[in-house]
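To start, the structure under review is shown below, and the notes come after it.
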């Protein structure tokens, strides 16, 4: 028997003669069985996985070599000659540099990465209770700024990667599921996700061309594994509460404050300060804390079950999921049902086909936010009448109760969404090292939003009811063809990729609405019952993108790495002559720890220096933006109405791509056999030819035109540090990992229109971030004794004191407003700790 380690692989061999069935057990170095370890015959498709006790059984030929692998452990190759029972001990791969990372249109070992790619694995994703799988990235990916749009159940996410680049076009990263565009609401069971990769620099994203300008998030779903069927069940339940609401006056404080306000004007008679009803409420102590009335506790539940398995010929994975979330407000809830079925089948020794179908059904009820009304209405009165019913007017006939919408059938905002997302593929190993893959993706969505609010609701405001229905269908068809060639010549390794992609997108909407409905019992299902303000509208949008792309990866002597790519995109929404854009990139890396002068530095387990450059584009504007559109209008000829059209927007046949040039410098490091590891990144992104609307003189007949004007810049630093604090994997052992991230980005507008330093209508200012707060600078409250000075500005003690920026003795909007802040964070930091005991995480 021989035993050696080569390139982080354990090689064990013996000599034997006969063909037979080999069985065995796979365990870790402390004797704990490893469940789901892969046992494959090297160079063949035969294989199996270990069961719950770490056992396996497999028929082998005399010269077969077994390859045993499992995530987080070194791959072993074993020649079972002369033995029918094997006891295999896996050695943990603490460096994890052979870990496979998904990149654009392929995979690569982590140690061979040249671009900036962050990764999140299955156990980290499934451990987070979220309605949107992308929320699992929160605080774990340096450079990613993510927020929920609101506190509503199932609300959408808003996020940017390394800052905002565009002023008018989208700043959201491209999100792909199994290589096909999905969108930012990822309605997939978290336990069905194998990994999530975030591509940040241009070297990583340029292969996606125009779609990758804002970064790329790659989601890979689980596939079936060879072996006996395995049933998995995952569930969690929890409660939700507010993290802190505005501090507003209590009823007693409000009464005292109002008295004081009148006292300063010489009025102390309470009958002149409060009306009779208010005095009665005060005398009876009928104070109301509307926030407590409106906001309660929410809850969430999630149940997921899956079945997977397969043979050498085919594998499958089937899962079902139910997610139920109740928000902090009454009648704010989401229920979602998921189903996924994937399968792979081997047609021939060198041809494999597969498909993955996911279906999602969402039933989402939303609530009009009552807190604005709750913070304005007087905190006096009676919430409920003597019969326990909600008082529409709790204190007066002018302010509707913040919880009036909770009256049955008084307010409904319901969205039903149905989505089928499917991918199918064919893999053909044409020759050794030459592989072709074709993938077809189909995404079909259908959702209906119905709204009804009665006369006596927050929106109705005592005037009239309103109802509407909007139906939307979306369809995206993607067809991609990829040719891969791999070749090794002594110390030289080449990987060449060529590809072609076509994407068709169609969206149709139809909406009808009206006011003053006859009955509330029909909700939004009887629009003909509306007596006024009836309106209908519909639209159709089509887009197409055709792409050609290629990439070359070169590695010399396992130390020096080079990646170069080029993509050409043609987008239908841009003007003729400007539809095509070309996006190159290149990156180099040096694995310094492989050099001979560091071979005796045992404390250093990884050290790699990376540098990249690339150009990506953005065409994320509305279709037909280059064309002049018409607007509809109603004219009156006496008592007869007539309908006509007028030129609404001006055409711009010169509209072209936004382009972003990105430079990135990164260092990957590891110490003490991977117990401490991390990444430091420096980057600079310059965006030009911004797609934005320019104000033009109204005498032209128009007020705005879409043009390529302006520039922005983002530069920053990212730091990620991971440590294994405690690693006792013996029976009864305990493990503790910590991940730290730090991210600082400086975002600024470099240029607007020629000679323009600020655009007040949009809140854009040269030298400032893309999102700022532009307002008067409040510097205090005018005090007693400052009457004379306050009078110069038309103010009295008690008024807010505003800084006179130019010292001209008056406060005006043109000269005294300044940038007082921004929504963009100066920096973000996060710390995640992960504790595990035995197999419990």
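Residue numbers (the working numbering): 394 to 1234. Virtual Cβ for every residue (Gly too), placed ideally from N, Cα, C. Owing to the predicted nature of the structure, the values given are computational and were not obtained by experimental measurement.
Those residues which DSSP pairs with residue i across a bridge
i: residue 1131; result: 1116, 1226
i: residue 628; result: 696
i: residue 938; result: 896, 964
i: residue 886; result: 881, 948
i: residue 860; result: 845, 907
i: residue 579; result: Partner(s): none; residue 579 has no beta bridge.
i: residue 485; result: 466
i: residue 1178; result: According to DSSP, residue 1178 bridges with nothing at all.
i: residue 980; result: 956, 1005
Coarse secondary structure for residue i, derived from DSSP in three states
i: residue 405; result: Because residue 405 carries a pLDDT of 47, less than 50, the predicted location of this residue cannot be relied on, and the following value inherits that uncertainty. If DSSP states are grouped into helix, strand and coil, residue 405 belongs with the strands.
i: residue 733; result: strand
i: residue 397; result: Only weak support exists for where residue 397 lies, its pLDDT of 49 falling under 50; the value from the coordinates is given anyway. Residue 397: strand per DSSP, three-state reduction.
i: residue 1217; result: coil
i: residue 410; result: No answer about residue 410 holds up, because its pLDDT of 48 lies below 50 and its placement is not dependable.
i: residue 771; result: coil
i: residue 1244; result: No information on residue 1244 is available, as it lies outside the stretch 394 to 1234 that the chain covers here.
i: residue 876; result: strand
i: residue 784; result: coil
i: residue 854; result: coil
i: residue 604; result: helix
i: residue 1138; result: strand
i: residue 1237; result: Shown here, the chain extends from 394 to 1234; a query on residue 1237 therefore has no answer.
i: residue 1063; result: strand
i: residue 865; result: strand
i: residue 598; result: helix
i: residue 995; result: coil
i: residue 1105; result: strand
i: residue 518; result: helix
i: residue 425; result: coil
i: residue 1100; result: strand
i: residue 721; result: coil
i: residue 611; result: strand
i: residue 930; result: strand
Residue i and residue j closer than 9 Å at C-beta
i: residue 815; j: residue 836; result: yes
i: residue 538; j: residue 1137; result: no
i: residue 714; j: residue 688; result: no
i: residue 512; j: residue 623; result: no
i: residue 1134; j: residue 458; result: no
i: residue 1128; j: residue 1104; result: no
i: residue 859; j: residue 845; result: yes
i: residue 842; j: residue 866; result: no
i: residue 612; j: residue 526; result: yes
i: residue 536; j: residue 890; result: no
i: residue 1251; j: residue 1062; result: This structure cannot speak to residue 1251, because the chain is shown only from 394 to 1234.
i: residue 519; j: residue 584; result: yes
i: residue 949; j: residue 892; result: no
i: residue 805; j: residue 709; result: no
i: residue 926; j: residue 908; result: yes
i: residue 795; j: residue 686; result: yes
i: residue 680; j: residue 773; result: yes
i: residue 1170; j: residue 1196; result: yes
i: residue 902; j: residue 863; result: yes
i: residue 497; j: residue 944; result: yes
i: residue 970; j: residue 1050; result: no
Within-9 Å CB hit, residue i to chain B
i: residue 1105; result: The question asks about chain B, but that chain is absent: this structure has only one protein chain.
The ligand FMN heavy atom lying under 8 Å from the CB of residue i
i: residue 879; result: Among the components of this structure there are no ligands whatsoever, and the ligand FMN is therefore not found.
(request) Give, in chain order, every unbroken run of the alpha helix (DSSP H) that is at least 4 residues long and sits entirely within the stretch 637-688. (result) 644-656, 663-666, 669-677, 683-687
(request) Would you check if there are 3 or more beta carbon pairs closer than 8 Å linking the stretch 594-604 to the stretch 961-970? (result) yes
(message) List, from N- to C-terminal side, the beta strand (DSSP E) runs of 3 residues or more that fit wholly inside the stretch 427-473.
(response) 431-434, 440-442, 448-453, 459-462, 469-471
(message) Taking 8 Å as the cut-off, does the stretch 414-422 touch the stretch 465-484 (at least 3 CB pairs, one atom from each stretch)?
(response) yes
(message) So within the stretch 737-772, which uninterrupted alpha helix (DSSP H) runs reach at least 4 residues, ignoring any that extend past its ends?
(response) Listed in chain order, they are 764-769.
(request) Examine the Cβ distances between the stretch 1154-1170 and the stretch 1202-1220 and report whether three or more of them are shorter than 8 Å. (result) In short, these stretches touch, since the Cβ pair count reaches three.
(request) Jot down the residue ranges of each uninterrupted alpha helix (DSSP H) in the stretch 998-1082, minimum 4 residues, whole runs only, in chain order. (result) none
(request) Kindly confirm or deny that the stretch 751-760 and the stretch 661-670 touch, where touching means at least three C-beta pairs closer than 8 Å. (result) no
(message) Tell me whether the stretch 1030-1050 and the stretch 993-1007 touch, counting them as touching only if at least three CB pairs, one residue from each stretch, are closer than 8 Å.
(response) no
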